[in-house]
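Working notes, beginning with the structure itself.
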Amino acid sequence: MKTLFLLLALLLPGAAHATTNPADMLRDPAQEERARALGREIRCMVCQNQSIEDSEVALARDLRLIVRERIVAGDTDAQVRDFLHARYGDFVLLRPPFTWSTAALWLTPVLALMAGASLIILSRRRSAQPAPPAPLTEEEKRRLAALDAETRDGNRA
672 MKTLFLLLAL LLPGAAHATT NPADMLRDPA QEERARALGR EIRCMVCQNQ
722 SIEDSEVALA RDLRLIVRER IVAGDTDAQV RDFLHARYGD FVLLRPPFTW
772 STAALWLTPV LALMAGASLI ILSRRRSAQP APPAPLTEEE KRRLAALDAE
822 TRDGNRA
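Have a look at this one:
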C-alpha cells in the first residue's frame, strides 16, 4: 500500500515543480502556470545552466518571487522578461535575443559544426587518394630491365 501511495505521489503533476515552495505559489492557477512558464525561460544566476524553476538556490527563489509579483501586478510575460533583462542583462535569459553582443553565442555552435564537417570531408578525400608509389631502387631497375629484355627475346623467337 505504501508503494502504491509513493508511486501516485511521484506521478502527480505538482511533483515536477518540487522546487517551488507551496507558500510562494499564486492562488490563481492560470497565473501560477504563467509564472512557471516564465521561470523556465529565466536562468539561475548561480547555477547558470538551470532555470529558476529548476534551481533550489536562494537567488532563484528571489527571482521566482519577483516573477510572481510582476504577474500579480498585471505585467505581461514580455514586461516581466524585460524587467529582469533590464536589471540582469542578456545572461538572465536562457534564450537571449540575437544581437551583435550575442552573435558569438548563437553562431559558435554553427561554425564549430561546419568546421568539423569540413575537417571530416577533407580527411576522407585525402585518405581516398592513394599515395604515389615509391621510386624504384637501382636493384629494382636492373631486374625490370632484365625482365623486359627476356620478354622481348621471348617474343622474337
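Letter by letter, the sequence shown follows residues 672 to 828 in my numbering. Cβ coordinates follow ideal geometry from the N, Cα and C atoms, glycine included.
If you draw a 10 Å sphere on the C-beta of I742, you find 16 or more other C-beta atoms in it, and that means buried. Per DSSP, reduced to three states, the secondary structure at I713 is strand. Per DSSP, the unbroken alpha helix (DSSP H) holding S794 starts and ends at 774–799. Membership of I737 in the alpha helix (DSSP H) is indicated by the continuous run 729–743. Around the beta carbon of E727, fewer than 16 other beta carbons lie within 10 angstroms, which makes this residue exposed.
In this chain, the alpha helix (DSSP H) harbouring R752 covers 748–759. In the structure shown, the three-state DSSP call for L697 is coil. Excluding its 5 nearest sequence neighbours in each direction, V738 has C-beta neighbours in its own chain below 8 Å: A706, L709, G710, I713, I723, V751, L755, listed in chain order. Note: L764 is bridge-paired with I713 in the DSSP secondary-structure output. Residue pairing by DSSP puts S722 in a beta bridge opposite R714. Taking the Cα positions, L807 is about 27 Å away from R796. The C-alpha of L765 lies about 36 Å from the C-alpha of S794. Excluding residues up to 5 positions away in sequence, M716 lie with their Cβ nearer than 8 Å to the Cβ of Y759 in the same chain.
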